[in-house]
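Chemist: Residue numbers (mature numbering (1 follows the signal peptide of the UniProt record, and there is no 0)): -25 to -1, 1 to 268.
This is the structure I want to talk about, given as structure tokens.
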């Protein structure tokens, strides 16, 4: 019986834990071509490597111009350009193989970026923060790519069921998410084409990166309300007027209440000192009504 129980426990362990859990952690000996190995290395150390100088014709001209300006002025160490690059998640990330697959950057830093265009030569550039998700990866099945992706996604032990329309709100458990800060002249479609053109080298090697980006995945700083607009001034005046009325009414009510209390106190005291005399023929109830306490 004890031997049977031991066999049963061994079968349970083999059923619930993949065989790779009992290995030393090194990838299998099957190797891909040299170019594919280089792409795996590039993917782990520099993903997503965004080509801001993309020549894609699907990117609108103004967006392409601002992206080029971002590159040029970042090399000239302009603060706004450095802040915009810094607000994006860093390529490669860290501990991807331990499941750290979401790197979001800084949305507050991105949307508060602004250029100083006092010279008037160029249009002002502000930040647009987007969360892009990458999934599928071409269903890579060859080793060691499959082994590495299994480590990153925990062997797909938990599959995400989030609807695709939740992009930018929910973080999936089987996709890689990256935050990207670009000029506000680039909408979500421009960012999508920018990423697609940047990943062509990956796609050629067999690591098919599928990008998902929707309109609600990008965010810019809301337009500021004019400080001294007519609507705001009228609202402030109305609030001041109502506050003044409230203060005046409170003071008047307090003074009147004190005066009434003094009058009532005097009347009560006079009655106690000079109580009314009742005639034998006078009805007591009427007297009480005439001299209420």
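Don't be surprised by glycine CBs; every beta carbon is placed ideally from N, CA and C.
(1) Taking the alpha-carbon positions, what's the residue 140 to residue 205 distance?
(2) Could you tell me whether the Cβ atoms of residue 85 and residue 166 are closer together than 8 angstroms?
(3) Just curious, the beta strand (DSSP E) that residue 158 is in, first and last residue?
(4) Helix, strand or coil, according to DSSP, for residue 82 in the structure here?
(5) What residue range is occupied by the uninterrupted alpha helix (DSSP H) comprising residue 40?
(6) For a test of the three-state rule: what should DSSP assign to residue 174, helix, strand or coil?
(7) Compare the C-alpha of residue 87 against each of 61, 173, 107 and name the closest.
(8) Does DSSP put residue 163 in a helix, a strand or coil?
(9) Can you tell me which of the three DSSP states residue 223 falls into?
(10) How many angstroms separate the CA atom of residue 211 from the CA atom of residue 218?
(11) Beta strand (DSSP E) containing residue 194: first to last residue?
(12) Consult DSSP for residue 27 and reduce its assignment to one of helix, strand or coil.
(13) Which of helix, strand or coil does DSSP assign to residue 90?
(14) Could you work out which residue in 82, 48, 150 is closest to residue 57 when comparing CA atoms only?
(15) Would you decide whether residue 159 is buried or exposed? Buried here means 16 or more other CB atoms lie within 10 Å of its CB.
(16) Let me know the secondary structure DSSP gives residue 106 once reduced to three states.
(17) Taking a contact to mean a Cβ-Cβ separation below 8 angstroms, would you say residue 107 touches residue 186 in this structure?
(18) With the cut-off set at 8 angstroms, would you say residue 45 and residue 168 are in Cβ contact?
(19) Is DSSP giving residue 53 helix, strand or coil here?
(20) Can you give the beta carbon distance from residue 156 to residue 41, rounded, assuming they're within the 8 angstroms contact cut?
(21) Count the other C-beta atoms from every protein chain shown that fall within 10 angstroms of the C-beta of residue 222, then say buried if there are 16 or more, exposed otherwise.
(22) Taking buried to mean at least 16 other C-beta atoms within 10 Å of its own C-beta, is residue 209 buried or exposed?
(23) Could you tell me the alpha carbon to alpha carbon distance between residue 78 and residue 207, rounded to whole angstroms?
(24) Given this structure, state the Cα-to-Cα distance separating residue 100 from residue 152, to the nearest angstrom.
(25) Would you list the residues sitting across from residue 77 in a DSSP beta bridge?
Modeler: Result, derived from the coordinates:
(1) Caution applies to residue 140, whose pLDDT of 47 falls short of 50 and renders its modelled position unreliable; the value that the coordinates give is listed next. The alpha-carbon atoms of residue 140 and residue 205 are separated by roughly 40 angstroms.
(2) No.
(3) Run containing residue 158: 151 to 158, per the beta strand (DSSP E) assignment.
(4) The three-state secondary structure of residue 82, taken from DSSP, is helix.
(5) Boundaries of the alpha helix (DSSP H) harbouring residue 40: 36 to 50, taken from the DSSP string.
(6) Residue 174: coil per DSSP, three-state reduction.
(7) For the residues 61, 173, 107, the minimum Cα distance to residue 87 belongs to 61.
(8) Helix at residue 163.
(9) Three-state DSSP puts residue 223 in a helix.
(10) Distance between the alpha carbons of residue 211 and residue 218 is about 10 angstroms.
(11) In the DSSP assignment, residue 194 falls within the beta strand (DSSP E) that extends over 193 to 195.
(12) Per DSSP, reduced to three states, the secondary structure at residue 27 is coil, with no helix or strand assignment.
(13) Reduced to three states, the DSSP call for residue 90 is coil.
(14) Considering only alpha carbons, the answer is 48.
(15) Result: buried.
(16) Strand, per DSSP.
(17) Yes, the Cβ-Cβ distance between residue 107 and residue 186 is below 8 angstroms.
(18) In this structure, the beta-carbon distance from residue 45 to residue 168 does not fall below 8 angstroms.
(19) Coil.
(20) Contact between residue 156 and residue 41 does not hold, since the beta-carbon distance rounds to 12 angstroms and is not under 8 angstroms.
(21) Counting C-beta atoms within 10 angstroms of its own C-beta, residue 222 has fewer than 16 neighbours from the protein chains shown and is therefore classed as exposed.
(22) The residue in question, residue 209, is exposed, as its Cβ has fewer than 16 Cβ neighbours within 10 Å.
(23) For residue 78 and residue 207, the gap between their C-alpha atoms comes out near 41 angstroms.
(24) The straight-line gap from Cα to Cα measures roughly 25 angstroms.
(25) By DSSP's assignment, residue 77 forms a beta bridge with 152.
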